[in-house]
Amino acid sequence: MIDSDRTLLLYVPEDAERWQQLFIEAAPEFQVRMWPAIPAPGSTFYVATWNPPEGFFHRLPEPKAVFALGAGVDRFLKRDDLPDSVPLIRLTDAGMARQMAEYALAGVLRFQRNLDLYEAQQTSGLWRPLPVRSSDETRVTVLGLGRIGGVVATTLSALGYKVSGWSRAGTDIPGVVCRSGVASLDTLLAQTDVLINVLPSTEETRGLLNRERLGRLPADAGIVNAARGDQLDADALVEFLDAGRLRGALLDVFPEEPLPEESRLWNHPKVRITPHVAAVTLLGPSVRQVVRNMRRFEEGQTVEGLVDRRRGY
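Numbering of the sequence shown is given in the working numbering, commencing with residue 1 and proceeding in unit increments.
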């Protein structure tokens, strides 16, 4: 039982000792304990965690706040053991935005510079230079213009790409043509060479890239999905790829992870797969952000990344 009233309870499935040591160094005023330590009833404490086991929060007194050690919080919002009264705070960047921009650029270059077509030629021993398309001739659409999506969009814009961005609420980003609303999305898709999805998973975005919307993309369009797997209709994607209605896809996320062995995506010649690594949590920046927010809580100040449960992020 933990007796201190300035406590951080930590549960992480990997690198637990490293996480604990970094928190101890960054927040000496807090007692940092690892699960399965249990705070005393009535004590004030925080929880920092990722993928805690089922029923985890039922075993605890109610925490002052829960810090998700990642940007996506859809799994937390689906839990039945975390009361809505407990503030949930996500990481707003912590080094992930730059990683996501790098991943997006890799996907754009794959299609802009014909790397996918050269891979196919290599399997046939074919030496055939293809026409080059410049960055300013390549239309890139970024879905999701939050902290991470905004960095993706501005990074690509700075490299000379014609970048448009779409978000549900609407925003303004210098150098990026910003759109919002379902009607504008349908129009935007038809003007896209490479589609990059970094939207959060919410009730409104699940299934967003369905058969109808995939059909609005030009036949030579490529897709980069680094958001959530439940937003993209994988069956429709395969059908469009097989029919030559889409060029290819770089996929980092899937409805079920790890991706089942029997999935057609594994061996599809126009699909490249990465195991949910487009933007991974960096320990140092994440710890500093959580500690900064804990101190703001203690001082009654506004915290960054407070999740609006109605919006889902």
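Just so you know, even glycine gets a beta-carbon here, dropped at the ideal spot from N, CA and C.
From a predicted model like this one, the values you see are computed outputs, not experimental measurements.
Counting the other Cβ atoms within 10 Å of the Cβ of residue 73 gives 16 or more, which makes it buried. Listed in chain order, the non-local C-beta contacts of residue 101 below 8 Å within the same chain comprise 151, 152, 155, 156, local neighbours out to five positions each way being set aside. In this structure, residue 33 places its C-beta atom within 8 Å of the C-beta atom of residue 7.
The C-beta distance from residue 147 to residue 166 rounds to 16 Å, too long to fall under 8 Å, and the pair is not in contact.
Residue burial annotation: residue 280 is exposed, with fewer than 16 other C-beta atoms found within 10 angstroms of its C-beta.
Closest by C-alpha distance to residue 120, out of 37, 140, 270, is 270. Counting the other Cβ atoms within 10 Å of the Cβ of residue 169 gives fewer than 16, which makes it exposed.
Per DSSP, the continuous alpha helix (DSSP H) segment holding residue 103 begins and ends at 96-112. Cβ neighbours of residue 238 within its own chain (closer than 6 Å, five residues either side excluded): 264. Bounds of any alpha helix (DSSP H) do not take in residue 48; it lies within the beta strand (DSSP E) bounded by 45-49. Its Cα nearest to that of residue 287, the residue 90 stands out among 59, 90, 77. Rounded to the nearest whole angstrom, the CA to CA distance from residue 247 to residue 254 is 19 Å.
Contact annotation: residue 66 and residue 77 have beta-carbon atoms that are not nearer than 8 Å. For the segment 232-293, the continuous beta strand (DSSP E) assignments of 3+ residues that do not extend past its boundaries occur at 248-251, 271-273, in sequence order. Note on geometry: alpha-carbon atoms of residue 68 and residue 298 lie some 18 Å from one another. In the displayed model, residue 68 falls within a strand according to three-state DSSP. In this structure, residue 99 lies away from residue 135, with their beta-carbon atoms at least 8 Å apart. Assignment of residue 176 by DSSP, reduced to helix, strand and coil, places it in the strand class. The beta carbon of residue 42 is closer than 8 Å to those of 61 in its chain, skipping five residues each way along the sequence. 145 is the residue among 230, 106, 19, 145 whose C-alpha sits nearest the C-alpha of residue 172. The three-state secondary structure of residue 152, taken from DSSP, is helix.
DSSP, reduced to helix, strand and coil, places residue 184 within a helical segment of the structure shown. Per DSSP, the unbroken alpha helix (DSSP H) holding residue 24 starts and ends at 16-26.
For the 8 Å CB-CB criterion, residue 277 and residue 252 form a contact. Taking C-beta atoms under 8 Å as the contact rule, residue 306 and residue 87 qualify, at a distance of about 6 Å. When the alpha-carbon of residue 191 is set against those of 159, 141, 274, 97, the nearest one is in 141. Of 218, 231, 47, the smallest CA-CA separation from residue 37 is found for 47.
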